[in-house]
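Mapping the sequence shown onto my numbering, position 187 (from 1) lands on 190, and the numbers just tick up by one.
Ideal placement from N, C-alpha and C gives every residue a C-beta, glycine not left out.
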Amino acid sequence: MYRSNLIICIVLVLSLVVYGQISINYPIDIMSGINNSTVELSIDPEITTGDSTKIFDGNEFTSGGISSSDSLSFLFHFLNPVKIGKCKTYFWNNGHWNLEAANSYNDLINQNGSYISLVKNKSNSFFTWDSVSFETIEISWMIFSAVNLQDSSVIVGEFQLFEEINFHNLLILPVTPKLIPGTSLPLEVKLVDDQGSIYPYLIDDHVYWTSADQDIATVDEFGEITGHTLGAVEITAYTNSGLDDTTIVEVVEDFQSTNASTLHIKVALVLQNPVIDLQNNLRIHEVWGWTNPMTYINEILEEFSQMSGGVVQFEIVETYDNDNIFTTLDTTFMTIDTVAYYFMTTGMLYGRNTEGTLQNLAEIQGRVHFDYNAMVDRYDFDTKRNNGDIHEIWVYSFPFSGMYESQLMGPNAFWYNSPPLDHPGLEKLLSVMGWNYERGVAEAIHSFGHRAESAIRHIYGRWDIHNPNPNNWELFTRIDKEIPGGAHIGNIHFPPNGQSDYDYGNTSYVDSYADNWKRYPILLDQKRSVNRDEWEAVNSNYQLGFMRWWHNHLPRYTGVTDTILNNWWHYIVDYEDAVERAHIITQIDNGNNVVKILPDEYSLKQNYPNPFNPQTTIKFNLNKDSRVVLTIFDVLGREVRTLIDERKKAGEYKVTWYGKDNLGNTVA
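Below is the structure:
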């Protein structure tokens, strides 16, 4: 790595070398946008027949619609404006349809300003494709409406939008492929347009592959490279239309991806552990001989630091240890006397099938709940989250207190091993962990693991380990029981060799691709046999050993793959920020050009001195308030140092870099 070859990038697009060009109408992936919250969709009236997701799945023979109304309307909000030039529809009924668009909601509803009617009262026939092309226009809001002129039902088989795109280049992924001798890695190509945006390769133009030195690495007709001897070699992909790309493949003894920058997560701690034995001044945990929850907290903080490789550092910034109890029995808040009754009266705590015990009331009768909103209101957690004073809440409570293991609150909350919960004061998502000091650290991390599963499943939009085209999350969670010979890491309940839930102590060996995840997103075909000895028991506890092993394998690295951060921990601890960061820093390296998503206008000055010795100063201007990411990359597109990652007001700025990477090492 050489200083003179470093690339300085700030949400920047540099021009790409143009070898060829091809223009096509390319489909906009509406479903992915809905899944990753960049497209908001409202349907009026609500779908009663089929499934709304089927309208955007590419299959006209699956559908969504209504059976009790002759009209149906879809309101789209594209958080990232899209350029559209064509629309295709497929209805299961006769009727007509309309398409209206604008740059703002008010313009769309009031039909003024940027409003435009793209399709008006166009007739459609049942089970027939309909297509309309129009001059390409950039929009943020759109209404698609349909009317059935014959009866009270509207069924939509498919709705598609297209953008005419000029593609100038290919992009070989991963950006900086590496191999170990004797291993293979499938490369893939993407299409790159004249703005530097990246798209899946969905055109009928065969891709050819060549290797400049087959002694070092070969590449087959499908783009799979195989390493033979140590060294570096150029691999080229090209098409008959003139699109191409070349990448350098390194064959090395071994390697590991670079950790992302540390995320400092501020936690508010709430303890439901009041004194119930007034005579002896004993709290619940003391009455029952359980461990002090503060002891667990200190252990958990260290566990997360170790498991994440230091990428996540939780910090307790507020602690609430008082007599407030947010657990309700039949909608009435429990008092200390009520809690004392169940915890100090013989036979009133345990007994799932024993009428009247707290366990029975909670687990069988469903009369015990935890009022999350009351807790948020009591401690002003909504304001604190909105202002960035806290990121999340940890609650340590007594058993059967009505809490979910994890709960996600706020706008656009999603399944978090519990149903999403709204709160009128929250402007950001707020995660709440619900732990029980009757149980140990292993169980606490287990609960957090289900939260992790929920967050990563949500960003990928799917979790089906049997899918013939698995996403990386589906690969990560594969187990031998379901995919014989194809296990990776497993899930929170099933280790790679697990045959049943919680089978952490299984002695059977299975082949696993676990070692490859330290190199993510480069997933080689290297595998070896593993069993419980891989994660080892902690004080005879194989669960804690596996929890550590599983979390330690979660990707925590720099960069973006398939528009998703290579640091999955970011989605787990601050989902919204991770989504925003992925959109901003999405990058490619193409002949030393790094492509970024832009703010509307910016100015990046020449750094001086250049080359620097031993420091360099970078100046930049913003014409409006923006999220700014200022990152130093080397010639292979690898992140060296993130200097700024925050919102900045409009104005002129300068920052000095002293030639050190994210770990504080001098770049040589």
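Cβ contact annotation for Asn470 (same chain, cutoff 7 Å, sequence separation greater than five): Glu477, in chain order. Take Glu167, set aside five residues on each side of it, and the residues of its chain with a beta-carbon closer than 7 Å to its own are Ser26, Asn28, Gly88 and Thr139, in chain order. According to DSSP, Asp247 shares a beta bridge with Tyr241.
Judged by DSSP in its simplified three-state form, Leu361 adopts helix. In this structure, Gly67 places its C-beta atom within 8 Å of the C-beta atom of Gly53.
As the crow flies, the alpha-carbon of Arg286 is around 25 Å from that of Thr357. Apart from the 5 residues on each side of it in sequence, Asn555 sits with its Cβ closer than 6 Å to the Cβ of Met310 in its chain, given in chain order. Arg531 has Ser515 as its beta-bridge partners, per DSSP. Rounded to whole angstroms, the gap between the alpha carbons of Gly428 and Thr56 is 30 Å. Residue state for Lys431 is assigned as coil, using DSSP reduced to three classes. Less than 8 Å separates the beta-carbon of Lys269 from that of Ile393.
Note that the C-beta distance between Asn97 and Asn127 is below 8 Å.
As computed with DSSP, Trp660 is found in a beta bridge with Thr619. Counting other Cβ atoms within 10 Å of its Cβ, Arg559 reaches 16 or more and is therefore classed as buried. Each residue's CA atom was taken as its position, placing Leu233 and Asp565 some 29 Å apart. In the three-state scheme derived from DSSP, where H, G and I count as helix and E and B as strand, Ser409 is classed as strand.
In the DSSP assignment, Met436 forms a beta bridge with Trp397 and Ser409. Residue range Asn475 to Phe479 is occupied by the alpha helix (DSSP H) that includes Leu478. For Leu527, the closest alpha carbon among the candidates Leu188, Asn472 and Trp132 is that of Leu188. Checking the DSSP bridge columns, you'll see Met145 partnered with Phe79 and Ala104. Note on geometry: alpha-carbon atoms of Ser400 and Gly464 lie some 32 Å from one another. Proximity to Asp197 across Asn38, Gln24, Leu75 and Val541 peaks at Gln24, based on C-alpha coordinates. Linking Asp536 to Phe59 through their CA atoms gives a straight-line distance of about 46 Å. With a cutoff of 8 Å on beta-carbon distance, Pro277 and Ile328 are scored as near each other. Contact check for Leu173 against Asp223 fails: the beta carbons are separated by 8 Å or more. By the beta-carbon neighbour count (other beta carbons within 10 angstroms, threshold 16), Lys123 is exposed. Residue range Tyr545 to His556 is occupied by the alpha helix (DSSP H) that includes Gln546. Listed in chain order, the non-local C-beta contacts of Ala235 below 6 Å within the same chain comprise Ile251 and Glu253, local neighbours out to five positions each way being set aside. According to DSSP, residue pairing for Pro189 in a beta bridge involves Glu227. Linking Trp572 to Ala458 through their CA atoms gives a straight-line distance of about 9 Å. It is roughly 19 Å from the alpha-carbon of Pro473 to the alpha-carbon of Lys521.
In the three-state reduction of the DSSP assignment, His496 falls in the coil class, being assigned neither a helical nor a strand state. For Arg388, the enclosing alpha helix (DSSP H) has its first and last residue at Phe384 to Asn389. In the DSSP assignment, Leu121 falls within the unbroken beta strand (DSSP E) covering Ile119 to Asn127. Nearest neighbour of Arg381 by Cα position, chosen from Ile219, Glu237, Gly359 and Asp326, turns out to be Asp326. For Leu164, there is no enclosing alpha helix (DSSP H); the enclosing beta strand (DSSP E) covers residues Val157 to Leu176.
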